[in-house]
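Residue numbers (our numbering): 8 to 224.
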């Protein structure tokens, strides 16, 4: 497993470009206490309080367990694509052995993407998924960084909509089409039942991105 470590102080980096250093972690799950869990699928952010980092293992087991192979290779390549534009983060990507279209991030930088979502997403769409989760991590760790990236706008938005906006900035910084965020959300919407509690917010996220794209054109 590769961890992607990037330096901080985004506010002092006028180009929003930070170097990426690769290393092999000694432990699969670090000793950092968990504070919250953010979820890509359907746009739901769930708060979790847990005293031990071993909760990662317990949680991932309940989600289907961890797989590697070509799925892991894809998610690691995606993190490498995004690394020049992602500040202040340690991203440790994992793949959940589940068919649903979901992605999750923990405050210590562990990002989990389901096998189903990796299979369904194009390379740019998978980049949008990781960029969205990175948006959550940026907003959680340093609100000032999120405000700087959004140029002071949209700080009042729902956390999922804000993460979409931050993710789009990351995509643009990496010369990846920001339309990938909309495309992958539409795929998630198609796989989500209308009576699912997250469906309404998912539709709101899609509408927000569509309105922004209309304004840009």
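Idealized CB from N, CA, C, for every residue including glycine.
In the DSSP assignment, the residues bridged to residue 103 are 73, 121. With a beta-carbon spacing of about 6 Å, residue 134 and residue 88 fall inside the 8 Å limit used to define contacts. Rounded to the nearest whole angstrom, the CA to CA distance from residue 215 to residue 188 is 11 Å. In the displayed model, residue 137 falls within a helix according to three-state DSSP. Residue 110 sits in a strand when the DSSP states are folded into three classes. By the Cβ criterion, the region 130–149 is not in contact with the region 197–217, since fewer than three pairs of Cβ atoms, one from each stretch, lie closer than 8 Å. With 16 or more other CB atoms across the displayed protein chains lying within 10 angstroms of its CB, residue 171 is buried.
Counting along the chain, the unbroken alpha helix (DSSP H) around residue 174 starts and ends at 166–180. When Cβ pairs closer than 8 Å are counted between the two stretches, the region 173–181 is seen to touch the region 137–146, the count reaching three or more. Rounded to the nearest angstrom, the Cβ distance from residue 122 to residue 102 is 6 Å, consistent with a contact under 8 Å.
Going by DSSP, residue 183 is part of no alpha helix (DSSP H) at all; its letter is neither H nor E.
Nearest Cα to residue 79 within the set 96, 104, 62: 104.
Annotation for residue 215: the continuous alpha helix (DSSP H) segment containing it runs 206–223. Distance between residue 190 and residue 112, taken at the CA atoms: about 21 Å.
In this model, residue 115 and residue 169 are separated by some 19 Å (Cα to Cα). Non-local C-beta neighbours of residue 223 in its own chain, meaning closer than 8 Å and more than five positions away in sequence, are absent.
In this structure, the straight-line span from the alpha carbon of residue 65 to that of residue 184 is close to 36 Å.
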